[in-house]
Amino acid sequence: MVAMLTAENRQRLGSLRWILGQMERVLVAFSGGVDSALVLHVAHDVLGDDAVALTALSETFPPEELEQARLFADGLGVTHHLVESHELESEGYAANNGDRCYFCKSELFELAADRARLFGIPWIADGTIVDDLGDHRPGLVAATENLVRHPLVEAGFDKSAVRSVAQHLGIEVWAKPSFACLGSRFAVGTRVTEDRVRKIQRVESYLRTIGLTQFRARYHLLEGREMVRIEVDPGDFATVTQFHESIQEVCVAEGFEWVTLDLIGYRMGGAQARAQEVKTSA
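In our numbering, the protein residues as written are 20 to 301.
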């Protein structure tokens, strides 16, 4: 059954189609999440082969997310460019001093700009929404510097509108939980390294296998000893309890001396929310 749209969301969808149509040719920075999936879906519907996707590959992008992005792009029949990104080699990113996303997005949008120039595509678009504008988002500075368009912002989409319109259009990831790159699992001031990212990635990959969908494995360093703090929706505490021994085994195998479950549960920005409560160091 097709989800019905409110008059406001019909207007937003019409505006989005018009905005993308005016671009004529566009490269969509596609992460596989619902926001950029909506942009890519509508762009392909409006522009056909003149809409292409680009996804950056790096250690901070889990293989499960990449597979979902590939499947979505293949399902649309859209040209999907995969490019390697090396943000961990940037000292600004690794230092993690509060502006980490600026360095990540700068590299992403520079890679996108290079590919767009190669194919004569005049516009780059991403999945930024209205809700993002009020947050501390250094990545938006990088977008501005690289002349990246935010068609969902231009059309007035917030998260609720994105999910409603995506469901209406039959986009299979419309209810997909929010995801942020694995660098977000580190509180400001805790250095982000390839080894630490891979540890977190392997823990989170296991959490997926036991049926969890909304979770984070947060990295902390206390007096030189590594701790992982697991956040899940409170409704999933029973699942964590059921699998607590195997979760612990996976975490210990990755070198974590402490394995904790955050009883507050998952919340966006959780790496920063506990920064004042859990003393971290580089």
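We put the beta carbon where it would ideally sit given N, CA and C, even for glycine.
Secondary structure of F198 (DSSP, three-state): coil. Annotated as distal: V53 and V271, with beta-carbon spacing of 8 Å or more. Counting only residues of its own chain and dropping the five nearest sequence neighbours on each side, V71 has a CB closer than 6 Å to the CB of L46 and T98.
Going by DSSP, H100 is part of the beta strand (DSSP E) stretching over H99 to E103.
Pairing Y121 with V160 gives a Cβ-Cβ distance under 8 Å. R217 and S203 have their C-alpha atoms spaced approximately 13 Å apart. By DSSP's assignment, W193 forms no beta bridge with any residue. Considering only V58, D118 and S104, the residue with the shortest C-alpha distance to A92 is V58. In the three-state DSSP reduction, M42 falls in the helix class (H, G or I).
Taking all protein chains in view, the Cβ of E250 is crowded by 16 or more other Cβ atoms within 10 Å, so the residue is classified as buried. Of the residues R31, F198, G175 and L107, the one whose Cα lies closest to the Cα of T232 is F198. Going by DSSP, E250 is part of the beta strand (DSSP E) stretching over R244 to V251.
Per DSSP, H169 lies in no alpha helix (DSSP H) and is assigned neither H nor E.
Within the same chain, A161, E164 and N165 come within 8 Å of S125 by CB-CB distance, once the 5 residues on both sides are set aside.
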